[in-house]
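What follows is a short report on a single structure.
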Amino acid sequence: MDPIRVGVIGVGNVLNQYLDKIGVHPEVSIAALADVNAAAAAARATEYGVKKALSPEALLADPEIELVLNLTPPNLHVPVTLAAIAAGKHVLSEKPFATSLQEAQQILDAAGQAGLQVGSAPTTFLGSGMQTSRKLIDDGWIGEPLAAFGSFACRGYEHWHPNVDPFYSPGAGPMLDIGPYLVTNLINFFGPARRVAASAPRSSETRPRPSAAGVYDGVIQINTPTHVTGTIEFESGGVATVMVSWDVWNHNLPHLEIYGSSGSLATPNPDHFSGAPVLRRGEPRDLALDMTPPGGGDWRATSLTHRDDAYRGIGLAEFGYAVRHGLEPRTGGAFAYHVLEILLAFEKSAARGRHIDITSTCERPRPLPSVGPQEPYRFD
13 MDPIRVGVIG VGNVLNQYLD KIGVHPEVSI AALADVNAAA AAARATEYGV KKALSPEALL
73 ADPEIELVLN LTPPNLHVPV TLAAIAAGKH VLSEKPFATS LQEAQQILDA AGQAGLQVGS
133 APTTFLGSGM QTSRKLIDDG WIGEPLAAFG SFACRGYEHW HPNVDPFYSP GAGPMLDIGP
193 YLVTNLINFF GPARRVAASA PRSSETRPRP SAAGVYDGVI QINTPTHVTG TIEFESGGVA
253 TVMVSWDVWN HNLPHLEIYG SSGSLATPNP DHFSGAPVLR RGEPRDLALD MTPPGGGDWR
313 ATSLTHRDDA YRGIGLAEFG YAVRHGLEPR TGGAFAYHVL EILLAFEKSA ARGRHIDITS
373 TCERPRPLPS VGPQEPYRFD
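To get my numbering, take the position in the sequence shown, counting from 1, and add 12.
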């Protein structure tokens with residue numbers, strides 16, 4: 013079957029993460045790149061050997077393009093996605109899918125009426141580390157999964173990011189920026205969520221703005237919570253404690269651990285596609301408190317069960333394969349909507365001081381078939 017022809021709108025830094033290893037995925041063919049900066053689009057097309065460098069409008073009008081990969085800035089995700097749907101294209105968007113449930117529903121309605129597929133990153137749960145973790149859980153290595161703890165914490169992005177203000181604007185903040193990596197992987201392990209409870213303080217109204225020289229020469233207005241913590245209860249009965257923060261200088265917390273009735277699993281970084289999980293089976297002597305961190309003591313390294321050279325292109329390949337074969341993408345619209353509702357429920361719960369019921373649902377994503385390092389990826 014011919015590869016699906018993809019047009020990419022937005023050629024910023026994240027483009028590399030999709031295209032650097034796209035050659036291992038024959039399911040897709042990058043037919044065109046587009047950007048409002050024509051010179052940037054042309055330079056990137058030359059860099060990756062893509063034949064067409066177009067304006068966004070010309071790409072949407074190109075009948076060759078079947079699927080749009082939306083890598084525009086977050087504030088443009090919704091209008092670009094809707095424009096692509098109106099042009100008859102399937103769309104996979106970088107996160108966030110939208111910044112409100114109303115916008116997300118508008119996307120789903122438009123795609124449904126047009127008979128098109130839409131979906132959203134992040135897709136790290138398709139990488140070898142998380143698919144190996146999923147297989148260990150499904151194969152019963154930790155018994156029934158009961159609970160989880162996940163965290164991302166740092167002191168904010170202003171010390172390295174050249175344009176940090178959007179991260180502290182309404183509709184942003186740590187939960188919508190880095191939280192999706194935890195939530196998508198938790199759904200991969202536990203299935204859909206039932207309700208959320210949270211606290212979401214903002215540590216200050218402003219932050220000092222570092223200059224390129226490393227000195228402070230202004231302020232950043234903070235219009236979003238900067239430390240969000242709470243719990244997600246799942247329909248399966250499991251519960252996850254989640255913390256995402258831009259108020260933390262240093263910490264020694266795990267990124268993601270899953271606790272089962274007969275053992276514990278420490279996954280690799282949910283923001284990464286690779287890395288092997290480590291496992292510890294429960295033993296009677298473990299009734300005594302043992303604080304040995306994962307990787308030491310009786311924690312056991314595991315062998316990856318899936319091919320290990322994927323990057324963000326695996327999400328595009330899986331989505332394209334699903335469209336070609338009439339399947340629901342693992343990162344499809346219902347999944348993206350459910351993830352967004354969970355993320356938004358944290359701030360809503362904090363504001364209302366109570367649990368927030370999750371009204372949407374989705375299928376637990378199908379696990380990827382296990383393949384060896386020299387075998388082609390499979391997305392059936």
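The C-beta atom is built at its ideal place from N, Cα and C for all residues, glycine as well. Since the structure is predicted, the reported quantities are computational estimates derived from the model, not experimental observations.
Using a 10 Å radius around the Cβ and a threshold of 16 neighbouring Cβ atoms, would you call residue i buried or exposed?
{"i": "S112", "result": "exposed"}
{"i": "L389", "result": "The residue you asked about is not Leu; residue 389 is Tyr in the sequence shown. Y389 comes out buried."}
{"i": "P204", "result": "buried"}
{"i": "R219", "result": "buried"}
{"i": "S105", "result": "buried"}
{"i": "D189", "result": "buried"}
{"i": "D302", "result": "Any reading at D302 must be qualified, since the residue scores a pLDDT of 46, below 50, and its modelled position is unreliable; the value itself is stated next. Label assigned to D302: exposed."}
{"i": "P280", "result": "buried"}
{"i": "W172", "result": "exposed"}
{"i": "S215", "result": "exposed"}
{"i": "R378", "result": "exposed"}
{"i": "E69", "result": "exposed"}
{"i": "A252", "result": "buried"}
{"i": "P75", "result": "exposed"}
{"i": "M142", "result": "buried"}
Within 8 Å of any Cβ in chain C, is that where the Cβ of residue i sits?
{"i": "N197", "result": "Here chain C cannot be found, since the structure has a single protein chain."}
Rounded to whole angstroms, what's the CA-CA distance from residue i to residue j? Just pull it up for me.
{"i": "A116", "j": "F109", "result": "7 Å"}
{"i": "A54", "j": "L45", "result": "8 Å"}
{"i": "P186", "j": "Y193", "result": "11 Å"}
{"i": "A322", "j": "S286", "result": "8 Å"}
{"i": "D47", "j": "C374", "result": "33 Å"}
{"i": "A73", "j": "L66", "result": "10 Å"}
{"i": "L278", "j": "V290", "result": "Looking at the sequence shown, residue 278 is not Leu but Ala. C-alpha separation (whole angstroms): 5 Å."}
{"i": "K63", "j": "V18", "result": "12 Å"}
{"i": "A212", "j": "A99", "result": "39 Å"}
{"i": "P381", "j": "F391", "result": "7 Å"}
{"i": "K101", "j": "R312", "result": "46 Å"}
{"i": "G152", "j": "Y271", "result": "12 Å"}
{"i": "G338", "j": "G384", "result": "26 Å"}
{"i": "G249", "j": "A210", "result": "18 Å"}
{"i": "A43", "j": "I77", "result": "7 Å"}
{"i": "I232", "j": "Y349", "result": "31 Å"}
{"i": "L71", "j": "I21", "result": "8 Å"}
So if DSSP puts residue i in a beta bridge, which residue, or which two residues, is it bridged to?
{"i": "Q233", "result": "T218"}
{"i": "V18", "result": "I42 and L79"}
{"i": "Y333", "result": "The partner list for Y333 (beta bridge, DSSP) is empty, contrary to what the question assumes."}
{"i": "G242", "result": "A210 and V254"}
{"i": "A313", "result": "V290"}
{"i": "V130", "result": "V103"}
Is residue i near the ligand ATP, with its Cβ less than 7 Å from a heavy atom?
{"i": "V36", "result": "The ligand ATP is not part of the structure shown, which contains no ligands of any sort."}
Counting beta carbon pairs with one atom in the segment 355 to 368 and one in the segment 131 to 139, are three or more of them shorter than 8 Å? no
Just checking, does the segment 349 to 360 make contact with the segment 23 to 35 on the three C-beta pairs under 8 Å criterion? no
Could you tell me which uninterrupted alpha helix (DSSP H) segments, each at least 4 residues in length, are contained entirely in the segment 141 to 185, listed from first to last along the chain? none
Take every Cβ of the segment 309 to 325, pair it with every Cβ of the segment 143 to 155, and state whether three or more of those distances are shorter than 8 Å. yes
Inspect the CB distances between the segment 214 to 233 and the segment 188 to 198 and report whether three or more fall short of 8 Å. no
Between the segment 252 to 271 and the segment 156 to 166, can you find at least three pairs of beta-carbon atoms closer than 8 Å? yes
Under 8 Å: do the segment 15 to 32 and the segment 71 to 83 share three or more Cβ pairs, one atom per stretch? yes
Tell me whether the segment 124 to 132 and the segment 238 to 246 touch, counting them as touching only if at least three CB pairs, one residue from each stretch, are closer than 8 Å. no
Report the start-end ranges of each beta strand (DSSP E) in the segment 318 to 372 that is 3 residues or longer and not cut off at the edges. none
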